[in-house]
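Going by our numbering, the sequence shown opens with residue -5, and the numbers climb by one from there.
Below is one structure, written out as structure tokens; comments come after it.
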Amino acid sequence: MLAPLGVLLTMAVLVGVAFGVHDAVAKLSMEDVNPSALSLATLLAGLPLLAVFLPATGGLRLTPLSAALFVVAGVVNFALGRTTMYAATSALTASGASVMTASSAVFSVAIGAAMGEAVTWNVALGVTAIVIAVYLASGWSAGSGLTARGLGLGLATGLAIATSIAIIKLGDLEGGSPGLGVIIAYLSGVMALSPKLREAVRVLMSRSRPVMTMGLSAAAGQLMRYLALTALGVEVVTPLQNIRPIAATFLLFWLGSGSKRPAARHWAAAAAAFVGVALVSGLIR
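Here it is in structure tokens:
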């Protein structure tokens, strides 16, 4: 039975919160770790959570085409997207990297339109408001650490996120269940990153607390995102999950150095994010 719209929208927003926790921990504790090894370690940490909740995610439906799509989504999202996200986080400030992940909203609107999903003025304005909110919260400026390498990595991350969401949606349309799709995507990501297995196990054993936190929060975010995609369009889910940089920024101000506390621009960002979510969800028409 389809979940109520409010539950699905809330789930899409919580995706951003879960990934915000993941991003903040990555910046605070894992900057010195090889991005590919860290990607594999967090995938391994998140797999048990997905296995536990798989029975509640819509069954075990699978067709050959949907399975192939889920495999491709895993490679795009994890071997490429998550790894470039970690590389961007080390190349930039955490806030700068978070700004660049918001580019997935722009890519997603274009992908959604190409897939035949309607893009209303509300959605367009909501995306704009969320991107502005991310910009404000992250403190993007000439001295924020945005480099050409970081810019490229950040844009690549945004494109990978939006592309993987669209591929998972196609997998659902082709008869695959989203929960099983997440498992397949995770396993394909593990296989693609398997050359780093020994280093990933060392990271998982030596820094178990931050890696487990990152892995579990990311797994929860992935699961909620793909479940929301069963009823909400690509152009809705991606903007809502882009609350992610807002959550990461506030967590970094809370858990980082004592001098980092929310300034006026961060409260303005929170207000802009609320308006953006309301526009995308249809609360404001």
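Ideal Cβ positions, reconstructed from N, Cα and C, are used throughout, including at glycine.
Beyond the five residues adjoining it in sequence on each side, GLY165 comes within less than 6 Å, by CB distance, of SER60, LEU63, PHE64 and GLY175 in the same chain, given in chain order. A check of alpha carbon separations from ALA267 across ALA214, ARG196, GLY120 and GLY75 identifies GLY120 as the nearest. When only Cα atoms are considered, GLU111 and ALA127 end up about 25 Å apart.
In the DSSP assignment, VAL197 falls within the unbroken alpha helix (DSSP H) covering 191 to 200.
Note that the region 15 to 30 touches the region 68 to 82; at least 3 beta-carbon pairs, one per stretch, sit closer than 8 Å. For VAL66 and ILE178, the gap between their C-alpha atoms comes out near 10 Å. Check the Cα spacing between THR207 and each of VAL1, LEU(-1), PHE13 and THR114: the tightest is with PHE13. Per the Cβ contact rule, the region 102 to 118 is in contact with the region 147 to 166 (3 or more Cβ pairs under 8 Å). The Cβ atoms of VAL231 and LEU223 sit closer than 7 Å to each other. Annotation for GLN216: VAL176 place their beta carbon closer than 7 Å to its own, counting only its chain and skipping 5 residues before and after. For LEU245 and SER98, the gap between their C-alpha atoms comes out near 21 Å. Minimum Cα-Cα distance from ALA265 among the listed residues VAL1, PHE247, TRP248 and ILE240 corresponds to ILE240. Contact check for ALA6 and LEU226: beta-carbon distance about 6 Å, within the 8 Å limit, so the pair qualifies. In this structure, SER182 places its C-beta atom within 7 Å of the C-beta atom of GLY68.
LEU147 sits away from ALA262, with the two beta carbons spaced by 7 Å or more. Ranked by Cα distance from VAL15, the first of LEU2, GLY270, PHE47 and THR243 is THR243. ALA194 is a Cβ neighbour of ALA35, given a cutoff of 7 Å. For ALA118, same chain residues with a beta-carbon under 8 Å away, outside a window of 5 residues either side, are VAL103 in chain order. For LEU273, same chain residues with a beta-carbon under 6 Å away, outside a window of 5 residues either side, are ASN116, LEU119 and GLY120 in chain order.
CA-to-CA, the gap between ARG259 and PHE101 works out to about 26 Å.
LEU249 counts as exposed, since fewer than 16 other C-beta atoms from the protein chains shown sit within 10 angstroms of its C-beta. The criterion of a C-beta distance shorter than 7 Å is satisfied by GLY270 and ILE124.
LEU(-1) counts as exposed, since fewer than 16 other C-beta atoms from the protein chains shown sit within 10 angstroms of its C-beta.
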